[in-house]
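*Asks:* Here you go, one structure.
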Amino acid sequence: MDRLLSAFAIVFSLLSGMAFAADGSGPGKPYLYIGWPNNGEVVSAGKPFRVWFGLRNMGVAPKGVNFPNTGHHHLLIDTDPPPAGQEIPSDRNHLHFGAGETETMVELPPGRHTLQLVMGDDKHVVHNPPVVSKKITITVK
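Residue numbers (the numbering used here): 593 to 733.
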């Protein structure tokens with residue numbers, strides 16, 4: 593299984609390395625973003641909504657797979673990312689996707705909330721330099 597995961601990480605790294613970041617950062621520089629919801633989006637209270645993660649110029653690999661230019665997603669809710677080199681906590685504000693997931697369903701209480709992604713390495717440590725998305729704000733009504 594570890595061989596299969598490593599092979600997946602290699603192929604994904606090579607393919608994603610060919611892309612150009614939409615922010616003009618060019619090839620080679622990772623670009624992490626939330627594909628949905630959009631900044632300013634209003635979602636319905638009392639039901640889960642889909643959050644999908646986008647990543648360019650870097651591969652996705654599960655926790656425990658140590659391969660260059662890869663990591664896995666962490667969704668931050670109503671909090672700021674830890675600094676580079678620090679382990680990402682695992683709690684209701686720091687959701688881990690160590691199996692390599694690229695989307696999730698989230699249910700939040702009514703009000704305004706911030707969402708942001710940060711990539712962690714094979715041990716859930718923030719990369720140096722950090723790979724983070726823009727922080728977005730959504731409203732749950």
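We treat Cβ as the ideally placed atom computed from N, Cα and C, and that holds for glycine.
May I have the straight-line CA-CA distance separating residue 650 from residue 709, to the nearest angstrom?
*Replies:* Going by the C-alpha atoms only, they are around 14 Å apart.
*Asks:* Going by C-alpha to C-alpha distance, which of 716, 684 and 635 sits closest to residue 657?
*Replies:* Ranking the options by Cα distance to residue 657, first place goes to 716.
*Asks:* Going by beta carbon distance, what residues of the same chain come within less than 6 Å of residue 689, once the five residues before and after it are set aside?
*Replies:* Counting only Cβ-Cβ distances below 6 Å, and skipping sequence neighbours, we find 664 and 665.
*Asks:* Check each candidate in 696, 731, 721 and 674 and name the one with the smallest Cα separation from residue 623.
*Replies:* Out of 696, 731, 721 and 674, 721 has the C-alpha closest to the C-alpha of residue 623.
*Asks:* According to DSSP, is residue 613 part of a helix, a strand, or is it coil?
*Replies:* The predicted model places residue 613 with a pLDDT of 37, which falls under 50 and marks its position as unreliable; any figure quoted below should be read in that light. In the structure shown, residue 613 sits in coil (DSSP, three-state: anything other than H, G, I, E or B).
*Asks:* Below 8 Å on the Cβ atoms is my guess for residue 626 versus residue 652; work out the distance and round it to an integer in Å.
*Replies:* So it is not a contact: roughly 15 Å between Cβ atoms.
*Asks:* Is residue 641 near the ligand MN, going by C-beta to nearest heavy atom under 7 Å?
*Replies:* Looking for the ligand MN in the displayed structure turns up nothing, as the structure carries no ligands at all.
*Asks:* May I ask which residues mark the beginning and end of the beta strand (DSSP E) holding residue 732?
*Replies:* It spans 728-732 - the beta strand (DSSP E) in which residue 732 sits, taken as one unbroken run.
*Asks:* Cβ of residue 727 within 8 Å of Cβ of residue 706?
*Replies:* Yes, they are a contact pair.
*Asks:* Per DSSP, residue 700 forms a beta bridge with which residues?
*Replies:* In the DSSP output, where bridge partners are listed per residue, residue 700 has none listed.
*Asks:* DSSP on residue 680, reduced to helix/strand/coil?
*Replies:* DSSP places residue 680 in coil when its eight states are reduced to three.
*Asks:* Per the DSSP calculation, residue 712 is bridged to which residue(s)?
*Replies:* In the DSSP output, where bridge partners are listed per residue, residue 712 has 664 and 718.
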